[in-house]
Structures are given as C-alpha cells and as structure tokens.
Amino acid sequence: MLAGTAIGLSVPAWAQDAATTASATTDKPQPELPIGDIVVTAQRRSQRLQDVPIAVSVVAGADLERSNLRSLQDVTERLPNVKIVSGTNADALNIRGVGSGQNAGFEQSVGTFVDGVYRGRSRATRAALFDLERVEVLKGPQTTFFGNNAIAGALNITTKKPGDQLEYNATALYGEDGEFNLEGGVSTPLTDTLSVRVAGRYSGINGYVYNSTLTEDSGRMRDYLASPIHEAGILGCSDCVQPIAV
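Per the numbering used here, residue 1 is the first one in the sequence shown, and the count goes up by one each step.
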C-alpha cells in the first residue's frame with residue numbers, strides 16, 4: 001500500500017519537472033544560423049547544390065585563394081575519389097578510379113570545361129587556377145549534359161563574372177630562385193544593365209640550374225594570362241547567355 005502511494009505521488013512530480021524544462025527550452029530564443037546556398041551549374045543551369053541529383057564536390061574561389069591552391073593538382077589532392085596522375089608531357093584525370101591514359105593525344109574520360117568551353121586534351125589540367133568563382137567536380141557519367149567525353153565525370157570550372165558594384169582584388173607572392181606570382185582583377189558596372197571585368201596574371205621563375213656555357217641560370221620561365229581580356233555581363237538577366245565576349 002505504501003509502495004503504491006509512493007509511485008502515485010512521484011508521477012506528477014516528474015511531469016511537473018518535465019513541463020518546466022520544456023517551458024524553459026521553449027522560452028529560450030534559438031539563434032538562427034545563416035546558411036548560404038551553394039549555386040552550381042552541374043546540369044547546364046543554375047541550381048542549388050542540394051537540388052542537384054549528382055555527386056558534386058565544389059571548391060569556391062575564395063577557398064582557392066585562402067588556401068593558395070594554384071593548380072588542379074592542388075585541388076584534387078583535397079577532394080575524395082579524384083586524382084591527377086602526372087606524366088612527362090601530359091596528365092590523366094581520374095574520378096572514382098576511372099580515367100584515360102597519359103598520352104597527350106588521348107581524349108579524356110573526364111571532360112574539362114571552362115565557362116562551358118570544352119578542353120579536349122589532358123594538358124588542360126596543368127593550367128593555372130586564376131580569377132575563378134568555383135570549381136565543380138561531377139562524379140560519375142555526365143554524358144547527358146557534357147557529351148561523350150565525360151563518361152567518368154566532368155570538371156566544370158567557372159571564372160568570376162562582372163558584378164553590379166566596383167570590385168577589385170590583387171595578390172603578390174614571392175619565393176626562392178626568383179619565383180613570383182602577380183594576380184589582379186577589377187569589375188565595374190558601365191550602365192544599369194551592363195558591367196565589365198578585366199583580370200590578369202603574371203608569374204615566373206628566374207631559373208635554378210647554372211649553365212656554364214651561357215654563364216647564367218637556365219630554366220627561366222615567364223607566364224602571362226588574361227581571363228579573358230575583356231568580359232561583359234548583362235545584369236539582372238538570369239536567362240541570358242553570359243559572359244559576352246567583347
């Protein structure tokens with residue numbers, strides 16, 4: 001009898017504590033976490049990453065600059081199931097273990113696209129990453145949207161586009177043997193509906209092997225890039241083809 005009474009008295013006490021806890025939890029304001037949408041063009045149109053029914057890895061341009069990733073080799077080393085096998089004259093891009101050989105004349109099983117333009121040879125993977133908005137790695141067959149040379153996947157590179165405000169950026173790096181890298185870009189609106197972006201890159205190295213015949217260091221290289229020389233975009237038009245070559 002006493003045991004039954006004790007149990008009966010303990011139940012409402014527990015319910016009261018639970019109600020108090022629930023009330024305290026409800027009354028406490030919950031902070032809202034800002035979540036930005038990652039927009040990709042994995043299906044040839046702008047979509048949120050979570051709406052794309054494809055295995056996609058995305059590296060934003062800001063992350064490339066922050067981590068000083070200057071080549072696709074650097075990017076793929078940080079992505080799962082993606083690898084670039086370096087050769088003497090060409091490289092081979094593999095996704096999930098599928099790819100083509102290192103022969104420079106081979107079409108690749110992983111298609112490389114820069115602003116929608118196909119780069120058919122594996123040497124394209126050696127191009128420097130510069131003035132980029134993002135790098136998308138699409139895993140698995142992508143022949144529906146990227147053609148027959150994307151049977152293993154696709155590498156979709158998007159450069160920065162002009163904006164509706166004045167923007168500019170510049171970086172400078174210096175290393176051993178006179179190695180250097182200078183990058184810069186500026187974007188500015190021309191009218192209410194038209195803007196333009198100009199960007200450039202200059203890099204090189206002074207050489208690191210002494211040539212006794214020429215009495216100077218050999219291996220000197222200089223590299224000039226523009227992406228592109230001029231690029232214009234129509235503001236406020238999501239269905240327009242961009243960029244517009246000028």
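Cβ coordinates follow ideal geometry from the N, Cα and C atoms, glycine included.
Proximal residues to residue i (C-beta, below 6 Å), its chain only, five neighbours per side dropped
{"i": "residue 73", "result": "84"}
{"i": "residue 82", "result": "76, 95 and 137"}
{"i": "residue 32", "result": "Confidence at residue 32 is low in this model, with a pLDDT of 45, below 50, so its placement is unreliable and the value that follows should be read with caution. Excluding residues within five positions, none has a Cβ falling inside 6 Å."}
{"i": "residue 222", "result": "204"}
Exposed unless 16 or more other CB atoms sit within 10 angstroms - verdict on residue i
{"i": "residue 211", "result": "exposed"}
{"i": "residue 125", "result": "buried"}
{"i": "residue 143", "result": "exposed"}
{"i": "residue 152", "result": "buried"}
{"i": "residue 197", "result": "buried"}
{"i": "residue 132", "result": "buried"}
{"i": "residue 50", "result": "exposed"}
{"i": "residue 156", "result": "buried"}
{"i": "residue 103", "result": "exposed"}
{"i": "residue 181", "result": "buried"}
{"i": "residue 117", "result": "exposed"}
{"i": "residue 190", "result": "exposed"}
{"i": "residue 166", "result": "exposed"}
{"i": "residue 209", "result": "exposed"}
{"i": "residue 215", "result": "exposed"}
{"i": "residue 159", "result": "buried"}
Supposed contact pair residue j and residue i - C-beta distance, whole angstroms, cut 8 Å
{"i": "residue 40", "j": "residue 47", "result": "6 Å"}
{"i": "residue 111", "j": "residue 42", "result": "Contact flag wrong, Cβ pair sits at about 12 Å."}
{"i": "residue 134", "j": "residue 60", "result": "5 Å"}
{"i": "residue 218", "j": "residue 204", "result": "Actually they are not in contact, since the Cβ atoms of residue 218 and residue 204 sit about 14 Å apart, beyond 8 Å."}
{"i": "residue 93", "j": "residue 108", "result": "6 Å"}
{"i": "residue 162", "j": "residue 122", "result": "Their Cβ separation, rounded to whole angstroms, is 31 Å, which puts residue 162 and residue 122 out of contact at 8 Å."}
{"i": "residue 120", "j": "residue 149", "result": "7 Å"}
Beta-carbon proximity list for residue i, same chain, < 8 Å, skipping 5 on both sides
{"i": "residue 200", "result": "183, 184, 185, 224, 225, 226 and 227"}
{"i": "residue 168", "result": "184, 185, 186 and 187"}
{"i": "residue 220", "result": "204, 205, 206 and 207"}
{"i": "residue 55", "result": "138, 139 and 140"}
{"i": "residue 115", "result": "157, 158, 159 and 243"}
Residue(s) in a DSSP beta bridge with residue i
{"i": "residue 166", "result": "Answer is none; residue 166 lacks a bridge partner."}
{"i": "residue 139", "result": "55 and 153"}
{"i": "residue 206", "result": "For residue 206, which the question treats as bridged, DSSP gives no partner whatsoever."}
{"i": "residue 222", "result": "204"}
{"i": "residue 159", "result": "132"}
{"i": "residue 180", "result": "174 and 204"}
{"i": "residue 211", "result": "216"}
Residues near residue i in its chain [Cβ-Cβ closer than 7 Å; skip 5 each side]
{"i": "residue 44", "result": "145"}
{"i": "residue 172", "result": "182"}
{"i": "residue 91", "result": "84, 85, 102, 122, 125 and 126"}
{"i": "residue 98", "result": "109 and 152"}
{"i": "residue 89", "result": "104"}
{"i": "residue 179", "result": "205"}
Residue i Cβ short of 7 Å to the ligand FMN heavy atom set
{"i": "residue 221", "result": "The ligand FMN is absent from the structure shown, which contains no ligand whatsoever."}
> What residue ranges within the region 37-101 form continuous beta strand (DSSP E) runs of no fewer than 3 residues, ordered along the chain?
Replying inline: 55-60, 82-86 and 91-95
> Where in the region 96-130 do unbroken runs of the beta strand (DSSP E), each at least 3 residues long, occur, reported from the N-terminal end onward?
Replying inline: 110-114 and 117-119
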